[in-house]
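Taking full-length UniProt numbering, the leading residue of the sequence shown gets 1, the next gets one more, and so forth.
By construction, the Cβ of each residue, glycine as well, lies at the ideal position given by its N, Cα and C atoms.
A quick write-up on the structure given underneath.
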Amino acid sequence: MTDAHRAPRSHGRSPRTTSADPSAPGPTAPTPVTPDEPTPVTPAAPSDSPTAPARRRGRPPRTESADTRDRILAAAREQFSERGYDKTSVRGIAKSAGVDPALVHHYFGTKEQIFEAAIEVAFAPTLDAPAALAEGPMEGLGERLARFFFGVWENPATRTPLLAILRSAVNNETAAAVFRRLVAAQVLRRIAAQLDLPDAELRAELAAAQLVGCAMLRYVIKVEPLASADVEQLVARVAPVVQGHLTGP
Numbered sequence: 001m002t003d004a005h006r007a008p009r010s011h012g013r014s015p016r017t018t019s020a021d022p023s024a025p026g027p028t029a030p031t032p033v034t035p036d037e038p039t040p041v042t043p044a045a046p047s048d049s050p051t052a053p054a055r056r057r058g059r060p061p062r063t064e065s066a067d068t069r070d071r072i073l074a075a076a077r078e079q080f081s082e083r084g085y086d087k088t089s090v091r092g093i094a095k096s097a098g099v100d101p102a103l104v105h106h107y108f109g110t111k112e113q114i115f116e117a118a119i120e121v122a123f124a125p126t127l128d129a130p131a132a133l134a135e136g137p138m139e140g141l142g143e144r145l146a147r148f149f150f151g152v153w154e155n156p157a158t159r160t161p162l163l164a165i166l167r168s169a170v171n172n173e174t175a176a177a178v179f180r181r182l183v184a185a186q187v188l189r190r191i192a193a194q195l196d197l198p199d200a201e202l203r204a205e206l207a208a209a210q211l212v213g214c215a216m217l218r219y220v221i222k223v224e225p226l227a228s229a230d231v232e233q234l235v236a237r238v239a240p241v242v243q244g245h246l247t248g249p
């Protein structure tokens with residue numbers, strides 16, 4: 001074969017073609033990018049939802065605290081009245097009130113402080129004595145004070161806590177000191193302030209001694225016939241003596 005009949009050689013390579021495989025998967029389409037969707041939020045229950053919220057730990061509500069405090073005070077007055085200061089314990093007060101002893105300490109502190117808080121509430125009716133003295137002329141001070149004093153003691157609601165005060169004060173110096181402090185600061189000094197005399201405090205204390213002595217014999221020791229005597233008879237006999245202490249020479 002001559003060169004003329006020889007096919008010309010191509011200087012460049014022709015691209016290799018491959019037949020498509022009909023069973024092969026086609027190109028994967030790109031996944032469209034979407035913006036991040038927010039996480040769905042469950043709406044809060046309405047305020048009038050019937051489900052009550054869980055109770056939080058911590059201090060009890062104010063009304064519950066007040067009720068607990070009053071219950072402890074009532075139990076303390078009962079214990080001091082029945083057992084006296086020496087035989088009354090914080091544990092006994094707590095048991096009577098249906099609370100833990102630590103709660104008694106939380107509200108009131110020591111036994112002495114509990115006693116003072118208890119008798120201060122019980123002693124509240126007697127704080128009106130100075131006002132009773134001011135309602136009339138000086139010549140009737142003794143009668144007004146005696147009538148007011150026996151009126152407080154004849155009332156069962158006020159007599160029971162006052163008995164606790166007297167019994168405890170007689171048998172225990174700590175209780176006596178609390179009693180003296182309360183009586184001197186809130187009653188006797190206020191009575192003495194109404195007396196325009198140089199020895200007004202001594203006069204007020206002598207008048208109080210007369211009345212408290214009668215209360216001890218009548219309501220605590222129950223000496224007869226004083227214990228069962230008519231109140232009006234007692235007022236008639238005691239009032240002149242009290243008047244003499246307050247305004248006499």
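Notebook entry, point to check: Based on Cα-Cα distance, which residue from I72, F80, L246, A66 lies nearest to T160?
Noted result: F80
Note to self: With H, G and I counted as helix, E and B as strand and the rest as coil, what does DSSP make of K222?
What the structure shows: coil
Check: Going by C-alpha distance, which of P101, G151, V238, G244 is nearest L195?
Finding: G244
Check: If you draw a straight line from the C-alpha of G84 to the C-alpha of V231, how long is it?
Finding: 27 angstroms
Notebook entry, point to check: For the candidate residues A227, P198, Q186, whose alpha-carbon lies nearest to that of A208?
Noted result: Q186
Note to self: Rounded to whole angstroms, what is the Cα-Cα separation between K87 and I93?
What the structure shows: 11 angstroms
Next item on the list: Identify which residue in V235, P240, T158, R181 has its Cα closest to the Cα of R147.
Entry: V235
Check: Is the beta carbon of V99 sitting closer than 8 angstroms to the one on T68?
Finding: yes
Notebook entry, point to check: Are there three or more Cβ pairs, one per stretch, closer than 8 angstroms when the segment 139–155 is compared with the segment 208–222?
Noted result: yes
Item checked: Residue range of the alpha helix (DSSP H) that includes E232 -> 231–247
Note to self: Classify A169: buried if its beta carbon has 16 or more other beta carbons within 10 angstroms, exposed otherwise.
What the structure shows: buried
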